[in-house]
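Take the sequence shown: its letter number 74 is residue 74 in full-length UniProt numbering, and every next letter is one higher.
Note that CB positions come from ideal geometry on N, CA and C, so glycine has one too.
If you're wondering where the values come from, they're calculated on a predicted model, not measured in any experiment.
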Amino acid sequence: MRKLIILVTLFTLVIAAVADARIRVKGRGDRMNFDPDSIPANYRASFDLMSRKCIKCHTMERTVIAVQTGRAPITGQPFDRQAVKAYGIKMLRKPNSNMNKQEIREVVILLNYLLDENAR
């Protein structure tokens, strides 16, 4: 019995450590977004930019789900560093995105960071 309790405790600690490594999320549905308090200061400006510009065409829920699952929610295609770069190029070409190369670069770097953190 004692071994079982120790095993369950260790399992719980491992799960908690994995959960802590991920970027926290707030809200549900259309209000879902990454928790700004869990974004490091050096990425905060990029996060603010992404939160302002990306929601013009879609909710942040799509971005959060893509980062969490590694799959784009609409197409089901992989959402990894290569896909993030491709989405950046696609957004740069969209006339309504109103984003320049530097802004796209900042968002791509942020998304790559979020993917890396989620993979921990």
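Grab me the residues of residue i's own chain with a C-beta within less than 7 Å of its C-beta, minus the 5 sequence neighbours each way, in chain order.
i	result
I15	Bear in mind that the predicted position of I15 carries a pLDDT of just 44, short of 50, making it unreliable; the figure below should be weighed with that in mind. So the list is empty, once near-sequence residues are dropped.
P73	R62, I65 and A66
G29	E61
M99	K53, M91 and L92
Could you name the residues of the same chain whose beta carbon sits closer than 6 Å to that of residue i, not counting the 5 residues immediately before and after it, in chain order?
i	result
G88	I104 and V108
A19	Note that A19 scores 44 on pLDDT, short of 50, meaning its location in the model is unreliable; the coordinates nonetheless yield the value given after this. For A19, where only same-chain residues beyond five positions count, there are no Cβ hits under 6 Å.
S38	I23 and R24
Which one of the options has the shortest CA to CA distance from residue i?
i	options	result
R81	A119, I55, R44 and R62	A119
I117	E106, A86, A45 and Q68	Ile is not the amino acid found at residue 117; the sequence shown has Glu there. The candidate whose alpha carbon is nearest that of E117 is Q68.
On the DSSP letters alone, give me the boundaries of the alpha helix (DSSP H) that residue i sits inside.
i	result
T69	M60 to T69
I104	K101 to A119
K90	R81 to R93
L44	What sits at residue 44 in the sequence shown is Arg, not Leu. Start and end: R44 to K53.
Once you ignore the five residues that flank residue i on each side, which residues in its own chain have a CB closer than 8 Å to its CB?
i	result
P78	G70, R71 and A72
N96	K56 and C57
D35	I23, R24, V25 and K26
L115	V67, G70, F79, D80, R81 and V84
S46	E106, V107, I109 and L110
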